[in-house]
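Participant: Residue numbers (my numbering): 7 to 94. All C-beta atoms, glycine included, are put in the ideal place defined by N, C-alpha and C. Fair warning: this is a prediction, and the values are worked out from it, not measured in the lab.
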Amino acid sequence: MGVQHTVTCRHCGSAEIVKYGLAPNGKQKYRCHTCGRQSRDNPEHNGHLPERREEILRAYQERSSLRGLERTFKVHRSTVIRWIKKSR
Ligand SMILES: [Zn+2]
């Protein structure tokens with residue numbers, strides 16, 4: 007068993023997804039075999055753009071609610087915490 011990165015469909019949760027080219031912003035796109043819908047990079051994936059990260063960190067400094075950030079930016083709180091630690 008290797009360390010396989012499992013990406014799941016954000017619409018139906020299926021793991022039956024395939025890479026489907028890149029979005030204009032450079033993010034990996036996926037297409038789900040189960041529901042046929044397309045997903046961008048998984049929020050827990052490390053594919054966030056630097057601008058996006060700065061935006062989220064700025065929002066954190068203003069509001070300092072990880073739960074709010076999760077809801078607004080669809081980013082996992084552990085990811086935000088990692089960025090906060092790095093940026094200090
Ligand atoms: Zn799906």
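(1) Let me make sure I understand the geometry here. Which of Cys38, Glu57, Gly32 and Asn31 has the alpha-carbon closest to that of Lys25?
(2) Under the criterion of a Cβ to heavy atom distance below 7 angstroms, does Arg64 qualify as lining ligand 1?
(3) Ile87: buried (16+ other C-beta within 10 angstroms of its C-beta) or exposed?
(4) Hey, Lys35 and Gly27: beta-carbon distance below 8 angstroms or not?
(5) Looking at the unbroken alpha helix (DSSP H) that takes in Arg37, where does it start and where does it end?
Facilitator: According to the structure data:
(1) Cys38
(2) no
(3) exposed
(4) yes
(5) Unbroken run through Arg37 is the beta strand (DSSP E), Gln34 to Cys38; no alpha helix (DSSP H).
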